[in-house]
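Asker: Top line first, the protein sequences correspond to chains L and W.
In terms of my numbering, the first sequence opens at residue 21 and continues consecutively.
In terms of my numbering, the second sequence opens at residue 21 and continues consecutively.
Cβ coordinates follow ideal geometry from the N, Cα and C atoms, glycine included.
All values derive from a computational prediction rather than experimental measurement.
2 protein chains.
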Amino acid sequence: MTTEKFAVGVDLGATTVKTGLVAPNGAIVYQNKFPTNGWLGPQAVFAQIKISVDDALTHSPSTNISGIGIGAPGVVDNEGSVKSPPNIKDWHSVRLGNEIHQLFPTLRVEVENDANTAAIAEAKFGAGKQHPNFLFVIWGTGVGGGIILDKHLYRGPSGGAGEIGHISVDFNGPECNCGNRGCVEAYVGQRYLSNRTAQKLQSHPGSKILQLAEGNLTKIEPRIISQAAHDGDALAREILTEAGTLLGVALAGVMNTMDLRISIIGGGLSEAGDFVIRAIEESVRARVLKPLQPEIRVLQSLLGNNAGILGAAGLVL
Amino acid sequence: MTTEKFAVGVDLGATTVKTGLVAPNGAIVYQNKFPTNGWLGPQAVFAQIKISVDDALTHSPSTNISGIGIGAPGVVDNEGSVKSPPNIKDWHSVRLGNEIHQLFPTLRVEVENDANTAAIAEAKFGAGKQHPNFLFVIWGTGVGGGIILDKHLYRGPSGGAGEIGHISVDFNGPECNCGNRGCVEAYVGQRYLSNRTAQKLQSHPGSKILQLAEGNLTKIEPRIISQAAHDGDALAREILTEAGTLLGVALAGVMNTMDLRISIIGGGLSEAGDFVIRAIEESVRARVLKPLQPEIRVLQSLLGNNAGILGAAGLVL
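(1) Could you compute how far the alpha carbon of ARG128 of chain W sits from the alpha carbon of GLY94 of chain W?
(2) Checking the sheet assignment: what are the DSSP bridge partners for ASN52 of chain L?
(3) Using only CA atoms, which one of W:SER82, W:GLY100, W:ALA34 and W:VAL49 lies nearest to ILE69 of chain W?
(4) GLU205 of chain L and GLY273 of chain L look like a contact to me (Cβ under 8 Å); what is the Cβ gap, rounded to whole Å?
(5) Am I right that ALA138 of chain W and GLY166 of chain W are in contact with their C-beta atoms under 8 Å? What's the rounded C-beta distance?
(6) Count the other CB atoms, across all protein chains shown, that sit within 10 Å of the CB of GLU234 of chain W; report buried if there are 16 or more and exposed otherwise.
(7) Starting from GLU262 of chain W, follow the alpha helix (DSSP H) in both directions and report where the run begins and ends.
(8) Roughly how many angstroms separate the alpha carbons of SER283 of chain W and SER80 of chain L, rounded to a whole number?
(9) Which residues in chain L have a C-beta closer than 7 Å to the C-beta of GLU183 of chain W? List them in chain order.
(10) Per DSSP, what are the beta-bridge partners of GLY87 of chain L in this structure?
(11) So for ASN136 of chain W, helix, strand or coil by DSSP?
(12) Would you give the residue range spanned by the alpha helix (DSSP H) that HIS250 of chain L belongs to?
(13) List, in chain order, every chain W residue whose beta-carbon is nearer than 8 Å to that of LEU266 of chain L.
(14) Which residue's Cα is closest to the Cα of THR265 of chain W: L:LEU289, L:GLN222 and L:ARG201?
(15) Using 8 Å as the threshold, is the C-beta distance between ALA135 of chain L and PHE156 of chain L below it?
(16) Taking just the CA atoms, how far does VAL37 of chain L sit from LEU330 of chain W?
(17) In the DSSP assignment, what residue or residues form a beta bridge with GLU195 of chain W?
(18) Beta-carbon of LEU116 of chain W versus every beta-carbon of chain L: anything under 8 Å?
(19) Can you tell me the Cβ-Cβ gap for GLY180 of chain L and ALA306 of chain W, rounded? I've got them flagged as a contact below 8 Å.
(20) Any C-beta of chain L sitting closer than 8 Å to the C-beta of ASN1 of chain W?
(21) Evaluate TRP159 of chain W with the Cβ neighbour count: other Cβ atoms within 10 Å of its Cβ, from every protein chain shown; 16 or more gives buried, anything less gives exposed.
(22) For ALA272 of chain W, return the contacting residues in chain L, with the cut-off set at a CB-CB distance below 9 Å.
(23) From which residue to which residue does the beta strand (DSSP E) around SER283 of chain L run?
(24) Would you say PRO314 of chain W lies against chain L (beta-carbon separation less than 8 Å)?
(25) Do ALA143 of chain L and LEU116 of chain L count as a contact pair if the criterion is CB distance below 8 Å?
(26) For chain L, check one thing: does any of its Cβ atoms lie closer than 8 Å to the Cβ of GLY164 of chain W?
(27) Mind checking if VAL96 of chain L is an interface residue toward chain W, Cβ cutoff 8 Å exclusive?
(28) Got a sec, what are the start and stop residues for the beta strand (DSSP E) SER113 of chain W sits in?
(29) Taking a cut of 7 Å between CB atoms, which residues from the region 218–242 of chain L lie near chain W?
(30) Flag this pair as yes or no: are the beta carbons of ARG281 of chain L and GLU302 of chain L separated by less than 8 Å?
(31) Mind listing the chain L neighbours of VAL269 of chain W? Cutoff is C-beta to C-beta under 9 Å, in chain order.
(32) Measuring straight from C-alpha to C-alpha, what distance separates SER104 of chain W and LEU237 of chain L?
(33) Output yes if chain L places a C-beta closer than 8 Å to the C-beta of GLY176 of chain W; else output no.
(34) Using the beta-carbon of each residue, which ones in chain W are nearer than 7 Å to LYS103 of chain L?
(35) Short of 7 Å Cβ to Cβ, which residues in the region 142–164 of chain W face chain L?
(36) Is there contact here, the region 217–225 of chain W with the region 222–231 of chain L, by at least three beta-carbon pairs under 8 Å?
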C-alpha cells in the first residue's frame, strides 16, 4: 500500500467503458474494459460505469483517490451536461457528473468530452508535447476531435468545440445519423468502413480481414480492419488509405479555418500503421492553402487508446 | 479645419481599392474607389493604393492623420507579409506595410487580412456588437472570413485564421484555383455564379439580370446578380438561394468545429436581400449538430461595404 493519490479515469466510448487507475506522473497502474450497453439507455450505461469504476478501485494500491474523471462522447456543456452522445439510446441531456457522484458520494467527479480529454492527454504526455497548437482527432467507431490552442484546450463558448466528425465533405452525400449529408464520419466511421469492406471482400476472399473476422462479415469492425492492415493485408490497406484521404479533406478545412498545421490522430484506426497516417497527411497537404502546405504534419497519437483514460484522470489529478 | 485625428482605412480587394477617411467615432467622412489592377502585378497595385490614399488625404478636414490601415486579401502573417492573395498576379509574399510606408514615410502603416479587419469592424460597430463569439463571412468575388472569440479577433498561430472559402464541400468537386477540390468558393464565388447565371439566362431571357448587364453575359458579376435579386428578380433569387444553401454547408462545419452559433455575412452578395440570409441560416441550422440548432443565427452585416474601411482604419485609430 502507498499513500500516493491516484485518479480514476473513465473513457466512456460508444461500445466500451474503459477505466484506469492513474498515478500523478501519468502512469496507468491498472485498467479494465466493459461493454457500454448504450442500446439499453442511460441507466444501463451508469451501471456499467459503476461496475468498471468499482473494479478499478478494488485494484488500487492506495485508498487515497483524488476523484473520478470521465471522458464522455457527445457535447459536454459548461454545466457538465452530456448532450446527445451518438449510439446511446434515449440520452438527450444528462448531468453525468451528478449521476455518477450519486453512485460514489465520497468522490469528486468531473466530466469532459472524450475527444477533449484525449487532446489534453496528448498535449501533456503525448505527440503534442512539442506543439502548442494542434487538432487532435479520434478515429475509431466515429470521428471526434479536440483543439489545443497555445497549449490549452479550446472548449468553445459552450464546450462543444472539436466536433469535426460531422463536417460535410459532400453536400450531396449520404444522409448521416446527425441529420447532415456527406459527413466525414459517414465515410470513414465504423458503419461505412464495415459495409465497404464486406462488399470488397467478395472479390478478395483471401484477405486477412476475413480470417480475423472468422469468416463472419457482420463481425467486421475498425479494429479488425486496422489489425489486418497492420499485418500487411493489401485490401485493408487500400480501404484505410481511401478513408484516410477522405479524413484529410475535413482536416484541411479545419487547418485553413483555424490556421493550424498539426493534426494528431488517435483512436483504433490510427494504429493500422504509418501508411494511413501518411495518407491523411498527403491529403491534408494537397488540399490546404499554399502558405500552410510546407508546415502540415499529421502525427500518430503516442498514447494510443490510453489517451482517453489519461486525459479523463487528468481532470481530477 | 479640425485638429481631430483621422485614420486612413484601405480596403484592398481583388477588383477595387477603396479608401476612407475615418473619424475616431467610426464615421467615414470621405471615401473613394479605384480599380486594383491586380492582373498587372504587385507594383501596379501599390500604385493604385498610392493614388487612392493621396486622393483621400487631399479630402481630409485635418492634417492630423494617425496612420494608414490596410485590409488585404490573402494570408497576412505575424510579420505583416501578405501571402498569395487570390487574383493578384505574381504576388507570393510581400511586406505590404513596408512597401506602402515607403510611399508615405511620415505615416504609420498597419496591415491585416481584409476579412479579419471587417470582422473587427463588425464586432466594434456592427451586427457583432451583441455577440462575443461569431464567424464573419465576406461573400463577394470570393469567400473569406474572420473569427471573433470572446470579443477578440482569433488570428491563429500565424495570422491566417478564418480562411473558410477553401473548405471543400465536395471532395470530388471541381478543381479550385487553390489546388483543392470542391471548395465552397468554387461554388458560390464570382466565377461560378457568373457562369451559372449566364447558362440559366438562356431559358430566362426576361430576367432583370440581363437588363442590368446591358445584354452582355460577360458583364455578369455578383453585384449585378445581387442587385437583380434585391429588385425581386426570380432567377437571381433562385441562384442566390442555391448558393446561400451551399455556403451554409461550409459554415455548419465551422460552427460544429468551433462551437459557434452566430455567422455575420458581409460582402456584396449579403446585400441581395433578407431571403439569401434566411437561405444560409436554414442550411446551417439543418446541418449542424442538434445541440447547436436552436441557437443558430445568420445575420446580415450592418456595415455593408464599409466594414473593410472601418476595420482597416481601426488598425491605426
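Answerer: On the basis of the coordinates in this document:
(1) Along the second sequence, one-based indexing puts residue 128 of chain W at 108. Along the second sequence, one-based indexing puts residue 94 of chain W at 74. Answer to the nearest angstrom: the Cα atoms are 21 Å apart.
(2) For this step, residue 52 of chain L is matched to residue 32 along the first sequence. Beta-bridge pairing links ASN52 of chain L to L:THR39.
(3) Taking the first residue of the second sequence as position 1, residue 69 of chain W is located at position 49. Looking only at W:SER82, W:GLY100, W:ALA34 and W:VAL49, the smallest Cα-Cα distance to ILE69 of chain W is reached by W:ALA34.
(4) On the first sequence, residue 205 of chain L is found 185 positions in, with the first residue counted as 1. On the first sequence, residue 273 of chain L is found 253 positions in, with the first residue counted as 1. GLU205 of chain L to GLY273 of chain L, Cβ: 14 Å. No contact.
(5) Locating residue 138 of chain W in the second sequence gives position 118, counting from the first residue. Locating residue 166 of chain W in the second sequence gives position 146, counting from the first residue. Taking a contact as a CB-CB distance under 8 Å, the pair ALA138 of chain W and GLY166 of chain W counts as one, their CB atoms being some 6 Å apart.
(6) As a position in the second sequence, residue 234 of chain W is number 214, starting the count at 1. Classification of GLU234 of chain W: exposed, given that the 10 Å Cβ count is below 16.
(7) Position 242 of the second sequence, counting from 1, holds the residue named residue 262 of chain W. Where GLU262 of chain W is concerned, the enclosing alpha helix (DSSP H) stretches over 254–278.
(8) Taking the second sequence and counting its residues from 1, one reaches residue 283 of chain W at position 263. Taking the first sequence and counting its residues from 1, one reaches residue 80 of chain L at position 60. SER283 of chain W and SER80 of chain L have their C-alpha atoms spaced approximately 49 Å apart.
(9) Within the second sequence, the letter at position 163 stands for residue 183 of chain W. Residues of chain L passing the Cβ test: ASN276, THR277 and LEU309.
(10) Within the first sequence, numbered from 1, the residue matching residue 87 of chain L stands at position 67. Looking at the DSSP assignment, GLY87 of chain L forms a beta bridge with L:ALA27.
(11) Counting from 1 along the second sequence, the entry for residue 136 of chain W is found at position 116. In the structure shown, ASN136 of chain W adopts helical secondary structure according to DSSP, grouped into three states.
(12) The count along the first sequence starts at 1 and reaches residue 250 of chain L at position 230. From DSSP, the alpha helix (DSSP H) with HIS250 of chain L extends over 242–250.
(13) Translated into positions along the first sequence, residue 266 of chain L becomes position 246. Near LEU266 of chain L (Cβ distances below 8 Å), the residues of chain W are PHE191.
(14) As a position in the second sequence, residue 265 of chain W is number 245, starting the count at 1. Of the candidates L:LEU289, L:GLN222 and L:ARG201, the one whose C-alpha sits nearest the C-alpha of THR265 of chain W is L:ARG201.
(15) The residue you call residue 135 of chain L lines up with position 115 of the first sequence. The residue you call residue 156 of chain L lines up with position 136 of the first sequence. Between ALA135 of chain L and PHE156 of chain L, the gap from beta carbon to beta carbon is short of 8 Å.
(16) Locating residue 330 of chain W in the second sequence gives position 310, counting from the first residue. Locating residue 37 of chain L in the first sequence gives position 17, counting from the first residue. Rounded to the nearest angstrom, the two C-alpha atoms are 53 Å apart.
(17) For the purposes of this step, residue 195 of chain W is taken as the residue at position 175 of the second sequence. Beta-bridge pairing links GLU195 of chain W to W:ARG201.
(18) By 1-based counting over the second sequence, the position of residue 116 of chain W is 96. No, because no Cβ of chain L sits closer than 8 Å to the Cβ of LEU116 of chain W.
(19) Residue mapping note: residue 180 of chain L aligns to position 160 of the first sequence, counting from 1. Residue mapping note: residue 306 of chain W aligns to position 286 of the second sequence, counting from 1. Under the criterion of beta carbons closer than 8 Å, GLY180 of chain L and ALA306 of chain W do not qualify as touching, at roughly 18 Å.
(20) An answer regarding residue 1 of chain W cannot be provided, because it is not within the stretch 21 to 337 covered by chain W.
(21) Counted from its first residue, the second sequence places residue 159 of chain W at position 139. That one is buried.
(22) Against the second sequence, residue 272 of chain W aligns to sequence position 252. Near ALA272 of chain W (Cβ distances below 9 Å), the residues of chain L are HIS186, ILE187, SER188 and ASN200.
(23) Counted from its first residue, the first sequence places residue 283 of chain L at position 263. Per DSSP, SER283 of chain L belongs to the beta strand (DSSP E) from 282–286.
(24) Position 294 of the second sequence, counting from 1, holds the residue named residue 314 of chain W. By this cut-off, PRO314 of chain W is not an interface position.
(25) Residue numbering aside, residue 116 of chain L sits at position 96 when the first sequence is read from its first letter. Residue numbering aside, residue 143 of chain L sits at position 123 when the first sequence is read from its first letter. Going by C-beta atoms, LEU116 of chain L is not nearer than 8 Å to ALA143 of chain L.
(26) As a position in the second sequence, residue 164 of chain W is number 144, starting the count at 1. Taking CB atoms only, GLY164 of chain W has no neighbour in chain L less than 8 Å away.
(27) Stepping through the first sequence from its first residue, residue 96 of chain L is reached at position 76. In terms of beta-carbon proximity, VAL96 of chain L stays away from the interface with chain W, with every pair separated by 8 Å or more.
(28) Counting from one through the second sequence, the residue named residue 113 of chain W turns up at place 93. Counting along the chain, the beta strand (DSSP E) containing SER113 of chain W begins and ends at 113–115.
(29) If you check each beta-carbon in the region 218–242 of chain L against every beta-carbon of chain W, none falls closer than 7 Å.
(30) As a working note, residue 281 of chain L is residue 261 in the first sequence. As a working note, residue 302 of chain L is residue 282 in the first sequence. Not a contact, by the Cβ cut-off of 8 Å.
(31) Translated into positions along the second sequence, residue 269 of chain W becomes position 249. In chain order: SER188, PHE191, ASN200, ARG201 and GLY202.
(32) Counting from one through the second sequence, the residue named residue 104 of chain W turns up at place 84. Counting from one through the first sequence, the residue named residue 237 of chain L turns up at place 217. Answer to the nearest angstrom: the Cα atoms are 50 Å apart.
(33) If you number the second sequence from 1, residue 176 of chain W lands on position 156. Yes, contact with chain L.
(34) Position 83 of the first sequence, counted from the first residue, corresponds to residue 103 of chain L. Near LYS103 of chain L (Cβ distances below 7 Å), the residues of chain W are PRO311.
(35) Listed by position, the residues of the region 142–164 of chain W near chain L (Cβ gap below 7 Å) are ASN153.
(36) In the pairwise beta carbon analysis, the region 217–225 of chain W is classified as not touching the region 222–231 of chain L: fewer than three pairs are separated by under 8 Å.
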